[in-house]
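One structure is given below, encoded as structure tokens.
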Amino acid sequence: MSSPAGLPLPEDPAPKLADLQHSLETHVLSKLEYLNAIGIALSQERDIDRLLETILVAAKNLTRADGGTLYRLVDDKLHFEIMKNDSLAISMGGTSGNAIPFYPIPLHDKDGNPNLTMIAAYVAINDRTVNIADAYTEEGFDFSGTRNFDKRTGYRSTSFLTVPMKNHEGEIIGVLQLLNAIDASTREVTVFSDEDRRLAESLASQAAIALTNRLLIQQLEVLFESLIELINTAIDDKSPYTGGHCKRVPTLTMMLAEAANSASAGPLSAFRMTDKDRYELKIAGLLHDCGKITTPVHVVDKATKLQTIYDRIGLVDTRFEALKREAEVAMLRAVLAAREAEDASSEQRAREDFQARIRQYDDDREFLRRTNIGGERMSPEDQARVSRIAQYTWTGPKGAAERFLSRDEEANLNIPYGTLNPQEREVINHHIVATIKMLEALPWPRHLVNVPEYAGGHHERMDGKGYPKGLTRSQMSVQARIMGIADIFEALTAKDRPYKPGKTLSESLAILGKFKENGHIDPDLFDIFVKERVYLDYAREFLDPEQIDEVDLSKIPGAPR
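Mind the numbering: the sequence shown is residues 436 to 996 in our numbering, read in order.
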């Protein structure tokens with residue numbers, strides 16, 4: 436696309452650029468229209484590199500310059516950001532992927548004296564446009580670097596137009612330098628005109644404001660993400676066992692989202708994400724467990740079933756020792772009685788009964804120690820055994836017979852899954868309620884308005900049996916369903932949990948496959964997770980080598996064939 440003056444427009448201009456009339460009254464008016472259209476395009480550009488490149492390309496087009504350089508002022512130095520030269524086919528910096536091999540230009544020397552010999556530095560220091568007709572005859576500036584460049588390339592750097600870029604507060608933020616104005620009719624190098632200067636200054640002013648706005652937005656985004664990181668750090672510092680969870684889940688979420696976005700066939704072939712969608716999902720991933728900041732540490736860190744402030748299994752061990760001492764005392768009394776009665780067989784039975792009881796106590800103690808660790812599933816038989824042991828009696832500190840296990844200890848040791856009892860699980864589950872409440876209270880901008888829904892849905896199930904809202908699959912966004920799979924798979928493979936080791940890939944996929952079959956997770960996303968080997972990409976980055984075993988998909992429930 437080109438403007439009415441034949442000037443090529445930057446890529447992706449605002450829609451209004453397509454509506455420019457082709458019958459403008461004067462050449463000057465067409466340039467002004469182009470300048471206005473460029474301003475609109477600049478205001479809509481989000482990427483800093485593309486923004487800078489658009490500025491330089493537009494300036495070259497407006498002034499018919501053969502080349503140009505755009506500098507940004509950072510820490511009292513002008514840094515080369517974009518360089519272009521049409522005759523030499525040079526394109527460096529910006530989106531070109533070619534690094535600019537020149538050192539930044541300092542505005543002051545080590546003694547604090549202003550650098551007035553370098554034209555770009557001079558313009559930045561004095562806030563003044565400089566228009567040079569011929570660098571080889573101009574006095575007062577150091578063009579030795581330019582001449583060395585010309586000598587190496589055979590080029591002739593002649594006319595220069597160097598313009599300061601100021602933000603809305605009048606601060607210099609960069610310098611725009613244009614090289615070798617080309618006469619439209621003769622195609623010869625000529626001097627930049629006063630019209631060129633005015634147009635370049637106008638563009639530099641617009642560009643500086645657009646760049647400043649973009650940088651401010653970028654800084655606010657960095658600040659926002661830093662605050663999120665601060666929250667996650669606080670959560671991680673509360674518990675060493677979930678330290679990496681807030682980092683790993685967002686990463687896996689984006690891996691699966693990109694795989695779904697690339698699907699060319701199947702139920703998710705219509706799912707597509709823009710850069711804004713990606714950023715929104717990223718933020719949701721980072722905040723998905725922010726409510727855990729309200730969860731008590733002793734619940735988050737509960738590594739065993741009997742743990743409170745400390746692991747009460749030690750008290751149980753002490754009681755077993757007490758039982759053994761009581762049994763020993765009873766045995767010795769029986770032995771003495773048998774000897775007084777000269778009953779050798781009774782003495783032998785007393786000793787044998789004692790040894791059998793000690794073996795039983797030792798066996799029961801080891802059983803309770805194993806039970807205390809927790810696991811995926813506790814059998815009804817083991818739960819019944821815990822209850823039988825609980826009925827033992829021992830002589831407590833007050834000298835009276837007491838139940839061997841308290842009701843609370845019996846209930847905790849009979850926890851069927853993991854280490855949390857129902858009350859503690861409710862406390863843990865409340866974190867998602869707190870997350871939703873916290874996120875819904877924030878005044879989200881339009882491009883982040885879905886963050887609460889995405890982050891708040893990762894404990895819902897496709898069959899409506901999840902929490903906290905009991906949503907079904909049709910009531911959930913694809914993004915929330917993606918996050919649900921990421922959260923589960925991270926938890927299965929995590930090696931920093933207090934109650935279990937990290938599972939292997941094949942073990943984790945087998946459990947995830949069962950979740951697909953029982954309506955827990957989204958079946959279409961599970962298929963993509965497996966077919967695109969998202970699990971393997973994640974494993975290579977986060978899992979230990981011994982966890983990355985060979986996966987036989989024929990043995991994974993629900994795996995696509």
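Think of the CB as a built atom: it goes at the ideal place given N, C-alpha and C, for glycine as much as any other residue.
Being a predicted model, the structure only gives us computed values, none of them experimental.
{"query": "Determine the direct distance from the alpha carbon of H680 to that of A785, and round the result to whole angstroms.", "result": "57 Å"}
{"query": "Using a 10 Å radius around the Cβ and a threshold of 16 neighbouring Cβ atoms, would you call K545 buried or exposed?", "result": "exposed"}
{"query": "What is the rounded straight-line gap between the Cα of L716 and the Cα of Y889?", "result": "7 Å"}
{"query": "Do you know offhand how far R823's Cα is from L927's?", "result": "33 Å"}
{"query": "Have a look at D898 and A791 and give me their C-alpha separation to the nearest angstrom.", "result": "52 Å"}
{"query": "Report yes if the CB atom of S999 is closer than 9 Å to the CB atom of L614, and no otherwise.", "result": "For residue 999 there is no data in the structure shown, the boundaries of the chain being 436 and 996."}
{"query": "For A719, which of A476, D987, K900 and E875 has the nearest alpha-carbon?", "result": "E875"}
{"query": "Do you know offhand how far N849's Cα is from A825's?", "result": "11 Å"}
{"query": "At what residues does the alpha helix (DSSP H) containing H865 begin and finish?", "result": "P857 to E875"}
{"query": "So which of I923, L487 and R975 has the shortest CA-CA distance to G901?", "result": "I923"}
{"query": "Would you check if the distance between the CB atom of I617 and the CB atom of V626 is smaller than 9 Å?", "result": "no"}
{"query": "Would the beta-carbon of D797 fall within 9 Å of that of F755?", "result": "yes"}
{"query": "For I631, is the classification buried or exposed, using 16 other Cβ atoms within 10 angstroms of its Cβ as the cut-off for buried?", "result": "The sequence shown places Asp at residue 631, rather than the Ile named in the question. Result: buried."}
{"query": "Tell me the rounded alpha-carbon separation between I917 and G503.", "result": "46 Å"}
{"query": "Residues in the same chain with beta-carbon distance under 8 Å from A694, minus the five sequence neighbours each way, listed in chain order, please.", "result": "I963, F964, E967 and V969"}
{"query": "What three-state label does DSSP hand D511 in the structure shown?", "result": "coil"}
{"query": "Whole angstroms is fine: what's the gap from A869's alpha carbon to L542's?", "result": "52 Å"}
{"query": "Where do the ends of the alpha helix (DSSP H) carrying T806 lie?", "result": "A779 to I808"}
{"query": "In the DSSP assignment, what are the bridge partners of V565?", "result": "T597"}
{"query": "By DSSP's criteria, W829 is part of a beta bridge. Which residues make up the other side?", "result": "E837"}
{"query": "Taking the DSSP output, what are the residues bridged to Y590?", "result": "None, per the DSSP bridge assignment."}
{"query": "Keeping to the same chain, check which residues put their C-beta closer than 6 Å to that of S620; ignore five residues upstream and five downstream.", "result": "none"}
{"query": "First and last residue of the beta strand (DSSP E) that includes M527?", "result": "I525 to G528"}
{"query": "Going by C-alpha to C-alpha distance, which of F789, E985 and T739 sits closest to R997?", "result": "In the structure displayed, the chain extends from 436 to 996; residue 997 sits before or after that span and is not available."}
{"query": "Is any heavy atom of the ligand SAM found at a distance shorter than 8 Å from the C-beta of A779?", "result": "Annotation note on the ligand SAM: not contained in the displayed structure, which lists no ligands."}
{"query": "Going by C-alpha to C-alpha distance, which of E816, L722, A555 and F659 sits closest to K872?", "result": "L722"}
{"query": "Between L487 and I517, how many whole angstroms is the CB-CB distance? I'm expecting something under 8 Å.", "result": "5 Å"}
{"query": "Taking N615 as part of the beta strand (DSSP E), name the residues at either end of that continuous run.", "result": "I607 to I617"}
{"query": "Spatial neighbours of P832 within its chain, please: CB distance less than 7 Å, with the 5 preceding and 5 following residues excluded, ordered by chain position.", "result": "none"}
{"query": "Determine the burial state of H462: buried for a count of at least 16 other Cβ atoms within 10 Å of its Cβ, exposed for fewer.", "result": "Low per-residue confidence applies at H462: pLDDT is 48, beneath 50, and the placement is therefore not dependable, though the value from the model is reported in the following sentence. Flag for H462 reads exposed."}
{"query": "What is the DSSP secondary structure of Y506, counted as helix, strand or coil?", "result": "strand"}
{"query": "Hey, how far is the Cα of A440 from the Cα of V558?", "result": "Note that A440 scores a pLDDT of 42, beneath 50, so its modelled location is shaky and nothing firm can be said."}
{"query": "At a Cβ threshold of 9 Å, is N849 touching chain C?", "result": "Chain labels in this structure do not include chain C; a single protein chain is all it has."}
{"query": "Give a yes or no on contact between the region 641-655 and the region 581-588, applying the rule of three or more CB pairs nearer than 8 Å.", "result": "no"}
{"query": "Express the C-alpha separation of G853 and H894 in angstroms, rounding to a whole number.", "result": "17 Å"}
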